[in-house]
Each structure stands twice: as structure tokens, then as C-alpha cells.
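**Q** Structure in C-alpha cells, see below.
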Amino acid sequence: MLKGFKEFIARGNVIDLAVAVVVGAAFTQVVTAFTEQVLEPLINRIGAGPDADYGVLRIALGGDQYIDLNVVLTAIINFLLVAAVIYFLIVVPFKKLKKEDEAVDASDTELTLLTEIRDLLQTQQAPAARPAGPASPAGPRHGAPE
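In numbering that gives the first Met the number 0, the protein residues as written are 0 to 145.
As C-alpha cells, this is what we get:
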């Protein structure tokens, strides 16, 4: 049972997935900090007057209650930044690498098939190409007494 677990963990896909999760979590923290500390204050200032703390994206409902669309917009920007970086740094290179591997596999398969065809043609032509030994005509020998 422990051997099976060890084989499962040692597989490349599991290790790659673990690394991707850790790197993804760290990168998400960086993007979240950027959007909350840099972009969100800029978004909050959209439409804000000189004496207003928040712009048109924060709707007051009365008292201390409000709808803050700034947070939603910041979350959308955060998601788009993470998705774009993952796509361009992970998905695109992976697709390119996979396409190159498929091309190599296809050329290997083509080479193998051509080699097999050549070998088959050589074996089929070999009996026809062999010189026949001295032929003796059927029947009595010529010039031999009967």
C-alpha cells in the first residue's frame, strides 16, 4: 500500500500540479496586493469630487450601508490579470511544447512506417532477384544415350 502511494506521488504530473498550486497561490497574492493597493484607490477616485472619499461606483443606501462596486471591479481586474498571466506564461508555452512533441512523434512514426515498407519490399523482391542455379531441362538429357 505504501509502495503504491510512493509511485503515485513520484509521478511527474502530481509533482507538477503541486508546484503549480504553490506558484499560483503566491502569484495570486502578488496580483491581489497590486489590485487592492494600486488599482482600487484609482478606481475609487473615478467620479469623486474634491470632498468625496468614493466615486460613482459606491452607492449609498442610507446610514452606513452602501453598495461598493469598486470591490467588484477590482476583483474582476484581479481575475483578468491572473488569467492572462497564466494563459501567456503556462498555457501558450505548454501548447507549443505539446505541438513540437506531436511533430516529433509523427516524424518518428512516419520513419518507422517507411522503414517497414522498405523491408517488406526487399523481402518480396529477394526471391525474384535470386539467380536461378544451372537449369536442367525436364526430360531426358540432351546428348545422353537412352
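Backbone N, C-alpha and C define an ideal beta-carbon position, used for all residues, glycine too.
Please name the residue in 0, 76, 98, 107 whose C-alpha comes closest to that of residue 36.
**A** Checking every option, the nearest Cα to that of residue 36 belongs to 76.
**Q** Taking residue 70 as the reference, which of 118, 100, 110, 31 has the closest Cα?
**A** The option with the nearest alpha carbon to residue 70 is 31.
**Q** For the stretch 57-65 and the stretch 101-121, state whether three or more C-beta atom pairs, one from each stretch, are separated by less than 8 Å.
**A** Verdict: no, contact absent.
**Q** Which term fits residue 34, buried or exposed, when burial requires 16 or more other beta carbons within 10 angstroms of its beta carbon?
**A** So residue 34 ends up on the buried side.
**Q** Just the Cα atoms here: how many angstroms apart are residue 86 and residue 10?
**A** Cα to Cα, the separation comes out at about 24 Å.
**Q** Within a Cβ cutoff of 7 Å, which residues of the same chain sit near residue 56, ignoring the five residues on either side of it in sequence?
**A** Answer for residue 56: 42, 45, 68, 69, 72, listed in chain order.
**Q** According to DSSP, simplified to helix, strand and coil, what is residue 50?
**A** Confidence in residue 50 is poor, its pLDDT being 49 and thus under 50, which makes the residue's placement too unreliable to answer from.
**Q** What residue range does the alpha helix (DSSP H) around residue 72 cover?
**A** Its alpha helix (DSSP H) spans residues 68-85.
**Q** Which parts of the stretch 6-34 are runs of the alpha helix (DSSP H), unbroken and 4 residues or longer, counting only runs that do not cross its ends?
**A** Qualifying alpha helix (DSSP H) stretches, in chain order: 11-33.
**Q** Assuming the contact rule is C-beta atoms closer than 8 Å, residue 90 and residue 26 should be a hit. Round their C-beta distance to whole Å, please.
**A** At roughly 14 Å, the Cβ-Cβ gap does not stay under 8 Å, so residue 90 and residue 26 are not in contact.
**Q** Residue 58 lies in the beta strand (DSSP E); which residues open and close that run?
**A** It spans 57-61 - the beta strand (DSSP E) in which residue 58 sits, taken as one unbroken run.
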